[in-house]
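Chemist:
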Amino acid sequence: MKLSSFGEKLTNGSGIVDLMQDLGSALNENPNMIFMGGGNPARIPEMEAVFKAQYKKLIESSEQLYSTAGVYQSPQGELGFRRDIASMLKQEYGWQLKESNIAVSNGSQSAFYILFNLLAGQMPDGSFKSIHLPLTPEYIGYNDLGLSDNFFTGSKPEIELIGDDQFKYHVNFDDLSVGEDTAALCVSRPTNPTANMLTDDEIKHLDSLAKQADIPLIIDGAYGVPFPNINFVDVEPHWNNNTVLVLSLSKLGLPGVRTGIVIANEQTIQAFSSANTVINLASGNMGPSLTRDLFASNAIIELSKQYIQPFYKQRSQQVMALFQQAMTDIPCRTHLSEGAIFLWLWFEGLPITSEVLYQRLKQRGVLVVSGHHFFAGIDDQWPHQHQCIRVSYGQDFSQIEQGIKIIAEEAKLAYQQG
Ligand SMILES: Cc1ncc(COP(=O)(O)O)c(C=O)c1O
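Quick note, in our numbering, the sequence shown goes up one by one and the last residue is 494.
#1: Go through the region 382-447 residue by residue and report every complete run of the alpha helix (DSSP H) that reaches 4 residues or more, in order.
#2: Let's test the definition: count the other Cβ atoms within 10 Å of the Cβ of Gly332 and tell me whether it reaches 16, buried, or not, exposed.
#3: Taking C-alpha atoms, which residue in Ser349, Pro200, Gln149 and Ser365 lies nearest to Ser176?
#4: Could you check whether the Cβ of Asp296 sits closer than 6 Å to any heavy atom belonging to ligand 1?
#5: Do Leu237 and Phe228 come within 7 Å of each other at the CB atom, strictly closer than that value?
#6: Ligand 1 heavy atoms versus the CB of Gly230: any closer than 6 Å?
#7: Do you know whose CA, among Thr344, Ile454 and Trp171, lies nearest His314's CA?
#8: With a threshold of 16 other CB atoms inside 10 Å of the CB of Leu155, please say whether the residue is buried or exposed.
#9: Tell me the residue span of the alpha helix (DSSP H) that contains Arg158.
#10: Go to Ser181, then tell me how far its beta strand (DSSP E) extends in each direction, as first and last residue.
#11: Tell me whether Phe249 sits in a helix, a strand or coil according to DSSP, three-state version.
#12: Could you check if Tyr215 belongs to the surroundings of ligand 1, using beta carbon to heavy atom distance under 6 Å?
#13: Based on Cα-Cα distance, which residue from Leu209, Ser101, Gln390 and Asn226 lies nearest to Asn268?
#14: Is it the case that the Cβ atoms of Glu486 and Ala271 are separated by a distance below 7 Å?
#15: Skipping 5 residues on each side, what residues in its chain have a beta carbon closer than 7 Å to that of Ala102?
#16: If you drop the 5 nearest sequence neighbours on each side, which residues of the same chain put their C-beta closer than 8 Å to that of Gln441?
#17: The beta strand (DSSP E) with Arg466 in it runs from where to where?
#18: Between Thr144 and Ser365, is the Cβ-Cβ spacing less than 7 Å?
#19: Following a CB-centred definition, is Ser184 positioned closer than 6 Å to any heavy atom of ligand 1?
#20: Using 6 Å as the cut-off, classify the Cβ of Gly336 as near or not near the heavy atoms of ligand 1, replying yes or no.
#21: Just mark Arg119 as buried or exposed, buried being the case when its beta carbon has 16 or more other beta carbons within 10 Å.
#22: Measuring only the C-alpha atoms, how far is Gly479 from Ile377?
#23: Ignore the nearest five residues each way along the sequence and tell me which others in Phe249's own chain have a CB closer than 7 Å to its CB.
#24: With DSSP collapsed to three states, give me the class of Gly230.
#25: With DSSP run on the structure shown, which of helix, strand or coil describes Gly363?
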């Protein structure tokens with residue numbers, strides 16, 4: 077088979093594809109693998125019960141079943157669902173939104189593919205623009221979404237050391253220049269992989285830089301407010317006419333329904349919907365049908381506060397404590413856990429790369445993700461990139477305890493062998 081440049085780009089060593097395949101085959105080879113690698117949400121019984129009731133309601137109504145599975149909804153997404161989301165956000169945060177500010181996508185991953193390529197790459201005047209990631213490490217899933225090479229630029233963070241065993245990244249505004257060739261700024265908040273929460277000041281500063289340069293600020297709220305609200309620190313939600321906020325139903329516990337939600341000014345939503353029509357005709361209706369009542373009644377906000385946020389907050393504290401106990405005699409720091417479903421560990425001066433550590437852990441039956449995948453747009457010479465790993469903690473707790481022991485053992489061995 078002869079592949080086009082597009083074909084080659086999407087099939088040749090794409091970081092996320094290699095990673096997902098590697099995780100999949102590791103699991104096939106060893107079904108007892110301790111899975112601390114992927115971003116699958118945890119099973120939360122209370123949320124599963126809510127969704128089960130919604131499924132039941134759906135199949136009991138022929139009309140609802142028909143409008144879910146029997147029709148193409150409008151390319152922008154079902155009107156009622158968009159209205160309910162707009163009014164919920166307006167009521168909750170005072171954002172001036174109408175249904176025309178909302179579009180539904182087949183998962184937020186595909187929304188980023190469309191948004192990034194609408195804005196960056198080859199421009200009609202022959203110039204080239206890229207998406208800038210103001211604080212890398214950033215979400216691995218962005219890496220290969222751009223249709224051209226060198227699609228992302230990134231800024232290294234400032235590192236604040238906290239006590240003996242923690243740290244926090246901050247945006248290094250001295251190093252952040254938004255030039256003619258920047259198409260948009262993009263941040264995930266809270267951040268995958270680091271569990272960092274950009275502060276309100278950082279968001280205000282990024283917002284003003286974006287406005288000055290007349291480019292959008294894209295905020296990936298896959299873990300953020302108002303749902304699933306996996307936020308462990310108090311911050312202000314942010315949206316204005318120059319912001320593109322992308323939400324997702326996945327981390328509520330519904331990654332299989334593939335529903336993302338884009339919130340932006342009308343012009344951006346119209347461009348998004350045209351591109352989404354070309355690529356998908358329409359977005360799937362299952363996610364909107366299942367959750368519509370929960371948006372209409374604002375229950376989604378309460379459920380997130382009552383069940384999802386406390387589950388992950390407690391888990392993150394337990395797992396952080398276990399890591400701190402296990403790592404006492406090695407130079408390992410954990411990023412402050414301010415949200416999302418991961419811990420980000422930094423092994424200062426690690427004598428092997430994080431990729432080798434990842435391979436050794438896989439041999440021992442523990443899957444994590446090597447940190448070097450998360451530094452899109454940063455030169456490869458920065459040692460810090462090869463000293464971090466991401467671990468997810470949503471899975472079975474006894475397995476995680478076991479995994480932490482093995483991670484500590486392998487890291488100690490690596491330092492001893494030095
Ligand atoms: C930060 C972030 N953004 C976007 C996505 C994509 O999620 P989905 O396509 O399931 O909405 C993920 C998935 O893990 C993520 O972690």
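Ideal Cβ positions, reconstructed from N, Cα and C, are used throughout, including at glycine. Everything numeric in this text was worked out from a predicted model, so none of it was measured.
Modeler: Once the coordinates are examined:
#1: Those alpha helix (DSSP H) runs which fall completely within the region 382-447 and span 4+ residues are 385-402 and 430-439.
#2: Position 256 of the sequence shown, counted from the first residue, corresponds to residue 332. Gly332 is classed as exposed because its beta carbon has fewer than 16 other beta carbons within 10 Å across all chains shown.
#3: The count along the sequence shown starts at 1 and reaches residue 176 at position 100. Among Ser349, Pro200, Gln149 and Ser365, the Cα nearest to that of Ser176 belongs to Ser349.
#4: In the sequence shown, residue 296 corresponds to position 220, counting from 1. Asp296 Cβ: within cutoff of ligand 1.
#5: Here the question's residue 228 lines up with position 152 in the sequence shown. Here the question's residue 237 lines up with position 161 in the sequence shown. In this structure, Phe228 sits away from Leu237, with a CB-CB distance that is not shorter than 7 Å.
#6: The count along the sequence shown starts at 1 and reaches residue 230 at position 154. Flag unset: Cβ of Gly230 not near ligand 1.
#7: Along the sequence shown, read from residue 1 onward, the residue named residue 314 stands at position 238. Here the closest residue by C-alpha is Trp171.
#8: As a position in the sequence shown, residue 155 is number 79, starting the count at 1. The residue is exposed, with fewer than 16 neighbouring Cβ atoms inside 10 Å.
#9: On the sequence shown, position 82 is the one that residue 158 refers to. If you look at Arg158, you'll find it in the alpha helix (DSSP H) that goes Leu155 to Tyr169.
#10: Taking the first residue of the sequence shown as position 1, residue 181 is located at position 105. It spans Ile178 to Ser181 - the beta strand (DSSP E) in which Ser181 sits, taken as one unbroken run.
#11: The count along the sequence shown starts at 1 and reaches residue 249 at position 173. Residue state for Phe249 is assigned as helix, using DSSP reduced to three classes.
#12: Residue mapping note: residue 215 aligns to position 139 of the sequence shown, counting from 1. Yes, Cβ of Tyr215 sits closer than 6 Å to a heavy atom of ligand 1.
#13: Translated into the one-based positions of the sequence shown, residue 268 becomes position 192. Nearest of Leu209, Ser101, Gln390 and Asn226 to Asn268, Cα basis: Leu209.
#14: As a working mapping, residue 486 is identified with position 410 in the sequence shown. As a working mapping, residue 271 is identified with position 195 in the sequence shown. In this structure, Ala271 does not lie closer than 7 Å to Glu486 by Cβ.
#15: If you number the sequence shown from 1, residue 102 lands on position 26. Exclusion of the five residues before and after Ala102 leaves Met109, Lys438 and Leu443 as the residues of its chain whose Cβ lies within less than 7 Å of its Cβ.
#16: For the purposes of this step, residue 441 is taken as the residue at position 365 of the sequence shown. The question names Gln, but residue 441 is Gly in the sequence shown. Taken in chain order, the residues that qualify are Asn106, Asn108, Met109, Ile110 and Ile482.
#17: The residue labelled residue 466 in the question sits at position 390 within the sequence shown. Start and end: Cys464 to Ser468.
#18: The residue you call residue 144 lines up with position 68 of the sequence shown. The residue you call residue 365 lines up with position 289 of the sequence shown. The Cβ atoms of Thr144 and Ser365 sit closer than 7 Å to each other.
#19: Here residue 184 corresponds to residue number 108 of the sequence shown, with the count starting at 1. It does: the Cβ of Ser184 is within 6 Å (strictly closer) of some heavy atom of ligand 1.
#20: Counting from 1 along the sequence shown, the entry for residue 336 is found at position 260. Between ligand 1 and Gly336, a heavy atom-to-CB distance of less than 6 Å is present.
#21: To locate residue 119, count along the sequence shown from 1; it is residue 43. Classification of Arg119: exposed, given that the 10 Å Cβ count is below 16.
#22: Residue 479 sits at position 403 when you count from the first residue of the sequence shown. Residue 377 sits at position 301 when you count from the first residue of the sequence shown. Each residue's Cα considered, the two are about 33 Å apart.
#23: Reading the sequence shown from its first residue, position 173 is the one you call residue 249. Cβ neighbours of Phe249 beyond the five flanking positions: His281.
#24: Residue mapping note: residue 230 aligns to position 154 of the sequence shown, counting from 1. In the three-state reduction of the DSSP assignment, Gly230 falls in the strand class.
#25: For the purposes of this step, residue 363 is taken as residue 287 along the sequence shown, with counting starting at 1. In the three-state reduction of the DSSP assignment, Gly363 falls in the helix class, which pools H, G and I.
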